[in-house]
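There are 2 protein chains.
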Amino acid sequence: MPKKTSAKKSKKKTSARASKPKAAPKNAFYAQSGGVTAVINASACGVIETARKHKNKIGKVYAGRNGIIGALTEDLIDTSKESATTIRGLRHTPSGAFGSCRYKLKSLEQNRREYERLIEVFKAHNIGYFFYNGGGDSADTCLKVSQLSETMGYPIQAIHVPKTVDNDLPITDNCPGFGSVAKYIAVSTREASFDVASMAKTSTKVFIVEVMGRHAGWIAAAGGLASTDDTPIPTIILFPEVQFDQKKFLARVDEMVKKHGYCTVVVSEGVHWPDGRFLADTGLKDAFGHAQLGGAATVIAGMIQSELKLKNHWAVADYLQRAARHIASKADVDMAYAMGKAAVEFALKGHNSVMPTIDRVSNKPFKWKVGMASLSKVANVEKMMPNDFITKDGFGITKKCRDYMEPLIKGEDYPPYKDGMPQYVRIKGVAVPKKLKGKFEL
Amino acid sequence: MPKKTSAKKSKKKTSARASKPKAAPKNAFYAQSGGVTAVINASACGVIETARKHKNKIGKVYAGRNGIIGALTEDLIDTSKESATTIRGLRHTPSGAFGSCRYKLKSLEQNRREYERLIEVFKAHNIGYFFYNGGGDSADTCLKVSQLSETMGYPIQAIHVPKTVDNDLPITDNCPGFGSVAKYIAVSTREASFDVASMAKTSTKVFIVEVMGRHAGWIAAAGGLASTDDTPIPTIILFPEVQFDQKKFLARVDEMVKKHGYCTVVVSEGVHWPDGRFLADTGLKDAFGHAQLGGAATVIAGMIQSELKLKNHWAVADYLQRAARHIASKADVDMAYAMGKAAVEFALKGHNSVMPTIDRVSNKPFKWKVGMASLSKVANVEKMMPNDFITKDGFGITKKCRDYMEPLIKGEDYPPYKDGMPQYVRIKGVAVPKKLKGKFEL
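Residue numbers (the numbering used here), protein chains in the order written: chain W, 1 to 442; chain R, 443 to 884.
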């Protein structure tokens, strides 16, 4: 069970001694971590709007400018300076409004100084709540902050808010951000397939779209949603979970083009050769030491051209897919907001080292409720596609996968438009005056 | 002035001799040509719905299966077998529902046989109206069919319906298809730029998106709409009209990243080196003899990486951009429909060898009316971006360009959704029984 902390106890105390001068309520810290999504700001909106309803318990919400780096460098944004309209606008604004970062804190043994610095900054700004919005790596950071703050005598309630387009966090039914990227890929794959179908007689026969997903094929699987019983589309999905078999793949393309006149290939950036090398390996690595990918589509296009002599076109969706707030899934937006809201409510109830989760109750109609997971069970665990979500031939999704995914792309949640363009908000980003002396070098 | 043909005259005759048995009204032929768009089916909808209202003058509308090839091979689709719901659904369905093709008829001198065959097929099926929905090449075909049919003693009223995502037809203010691809590029560029801005502190500094446009930079220019006075975005546009200057370009990227922390590059597939070679030249050619492009983004990404050492990401929108009916411009959909409707109305009024055009009346509010252009002035003329639409430095759009383009992306026209997916229609495509003997080899 998650442990109850001082927040709940102090509530009892203050209500019992109402006549005495109250201590200023603790402030909260919120930060966005890792690759941003179409709905991470909806979670921020959930955190801030909910905190604003409880000003007796949560003072101000300070956001880290550019994620956790903002905490380390004491570069905090005072969200109380943002209007209610701006905060409400975050719900329909893609990207990370406060800035995010790819900066993984090292282990406690390797760099205790960083964790201690975080707690010093939190202490200096009377921060008692730490809301960290990210994936598996940030869940780990969140857990460590909670543990070390206790050791250092300045206990902080650390709550992780789930976010990843990759849908790879454990325990929670899905990760906010995924439903929207899935909807984008499903819709785009359907649209481009219609396009190719109408041109295939004399022109392009194979359309290839490369999608994100280094290790887990969740996003690629979303391409399978383009095809339904009433709108069948010949689709081949290349998952990172399935070792790439060039001969089998080309045979399938050839077969589909002969049968249907065209086909669409959805290829994950993480697809790899039998020896483990990514099809798209560029040799570059990102800050987390992951290989920087991009280009699997061109490799696939090249082999279809040279081996099958079939005219093809390819697209690489890259950031367009995870930023596509204009076609966000309403279910996803709702869940993203709910996770932010639940994080604050958990904190108010005294929980610590936990993450709100989405617990599915039923598929049709899609019902879910907010659950809770201990961070020790979330940190650094990567959830892969279950084997029974991929068809036996390795090129498609099963009914089980479809039943799981369809509810996540349900509903539209269009942003407001002005002169044809979506009206996304930008924060003022007023800095909180620094209290600590000296500069912290990253 | 466009010449009046038998259609108008026969109207007078029939009304004057109402007691005599009427000749069966002529049928119409409709075909889609070249690369399809998000709204070409809206034009088809305009043609068919309008024709259905005038059954006394237009019998049936037969569509060419896979464009003009359907006429040559006598493979006609009887659109009267499609329900009113299906035809209405074409308005919100991307791609070419009847099939399109890249098949350019040779000149009369080179292949008179093809034109004669068209007229034989039209005669066999009592077709008196030829509606051809395409770009500059098909305007030329349309004109020739009209001319030759007159010579062959079976006069056909040929009306061209404008369509190109490239916006390169003359006389008309804009081409249906362009407004929607422009909206997609403007919205996607804004969204991806928000994404990069939030990550730039520790990760990607430059985002590159490659867009369509072989010779004319209209689509690339739409990337400039992402940035507005209330939402400025550091953007560099690389137009095919401007000779690529690597040194100047890299200096600009460097300057923008230093000033804003990030920047976005919108690169047209048609950008070329000083010696005329496309950045993306693959050496392949399409059926029209045009170089098949794709990959300018990777070339740009490579030089930013190696020369400036700036982390970057790139996307290639390819078919996603022209098929993106989910984010179609309402203005564009309305104009596409209106062009189809006007084509039929022109035919009913006896016009021949003409194309309905969009004549702009005012920018704010955007007002336009249907005009008419003679095909001899449209065929094979390519409208380039005016010089004063591109900023002097060659990297951006002027106010004049913005004033022209903004009205074209205005308004949203969402398709209906079911279970999270847009409900695009497919036709039954019932074939008209063949009447001619023998097979025609393409």
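The C-beta atom is built at its ideal place from N, Cα and C for all residues, glycine as well. As the structure is a computational prediction, the values presented were derived from the model and not from experiment.
Check, Outcome
"Segment limits, alpha helix (DSSP H) that includes E255(W)", "Q246 to H260"
"Chain-ordered chain R contacts of F239(W) [CB-CB under 8 angstroms]", "Within chain R, no residue comes near F239(W); the closest Cβ sits about 21 angstroms away, beyond 8 angstroms."
"Three-way DSSP call (helix, strand, coil) for V723(R) in this model", "A small fix is needed here, since residue 723(R) is Asp in this sequence, not Val. Coil, per DSSP."
"Length of the line joining the Cα atoms of Y545(R) and W218(W)", "39 angstroms"
"Residues that DSSP places opposite K418(W) in a beta bridge", "M421(W)"
"Whole-angstrom distance between R113(W) and S376(W), CA atom to CA atom", "22 angstroms"
"Under the three-state DSSP convention, the category V361(W) falls into", "strand"
"Between the CA atoms of W810(R) and V874(R) - distance to the nearest angstrom", "38 angstroms"
"Run of the alpha helix (DSSP H) containing D520(R), from where it starts to where it stops", "Unbroken run through D520(R) is the beta strand (DSSP E), L518 to D520; no alpha helix (DSSP H)."
"Straight-line gap, G444(W) to S645(R) (C-alpha atoms, nearest Å)", "Lying outside 1 to 442, the shown extent of chain W, residue 444(W) is not represented and no answer is given."
"Environment of L442(W) [buried if 16+ CB atoms lie within 10 Å]", "exposed"
"DSSP state of S549(R) mapped onto helix, strand, coil", "coil"
"Same chain, Cβ closer than 7 angstroms to Q763(R), five either side skipped, listed in chain order", "V623, Y626, I627, V653 and M654"
"Which listed residue (M384(W), K428(W), Y417(W) and R214(W)) has its alpha carbon closest to that of R632(R)", "Y417(W)"
"CB-CB length for A296(W) against V267(W), believed under 8 angstroms", "5 angstroms"
"is_contact[R52(W), chain R] using C-beta, thresh 9 angstroms", "no"
"Euclidean distance between Cα positions of E592(R) and T799(R)", "24 angstroms"
"Cutoff 8 angstroms; reference N519(W); Cβ partners in own chain excluding five residues on either side", "The structure shown has nothing for residue 519(W), since chain W only spans 1 to 442."
"Per DSSP, cross-strand counterpart(s) of G371(W)", "T357(W)"
"Interface residues of the segment 839-854 of chain R facing chain W [CB-CB below 7 angstroms]", "E848, I851, K852, G853 and E854"
"Separation of A220(W) from I237(W), as counted between CA atoms", "7 angstroms"
"Cβ distance (whole Å) where V786(R) is taken to contact A466(R) below 8 angstroms", "That pair is no contact at about 18 angstroms."
"Where Y504(R) meets chain W, residues with beta-carbon distance less than 9 angstroms", "Under the 9 angstroms cutoff, chain W gives no residues; its nearest Cβ is about 17 angstroms from Y504(R)."
"For L514(R), the nearest candidate out of L532(R), E524(R), A539(R) and V587(R) (CA to CA)", "V587(R)"
"Inter-residue Cα distance where the pair is S804(R) and G340(W)", "46 angstroms"
"Backbone secondary structure at I156(W) - three-state DSSP", "coil"
"Supposed contact pair G136(W) and D173(W) - C-beta distance, whole angstroms, cut 8 angstroms", "Actually they do not touch by this definition, with Cβ atoms about 16 angstroms apart."
"Nearest residue (CA-CA) to M863(R), options C617(R), F788(R) and A766(R)", "A766(R)"
"Coarse secondary structure for I832(R), derived from DSSP in three states", "strand"
"Range of the contiguous beta strand (DSSP E) that encloses F440(W)", "Unbroken run through F440(W): none, as it is neither H nor E."
"Start-to-end residues for the beta strand (DSSP E) that takes in S710(R)", "C705 to S710"
"CB-CB length for E269(W) against A280(W), believed under 8 angstroms", "6 angstroms"
"A315(W) beta carbon less than 9 angstroms from that of A757(R)", "yes"
"Residue interval of the beta strand (DSSP E) (run including E210(W))", "V206 to V211"
"Per-residue DSSP class, three states only, for D728(R)", "Residue placement at D728(R) cannot be trusted, given a pLDDT of 47 that sits under 50; what the coordinates show is reported in the next sentence. Here D728(R) sits in coil by DSSP."
"Enclosing alpha helix (DSSP H) for G136(W) [first to last residue]", "G136 to T151"
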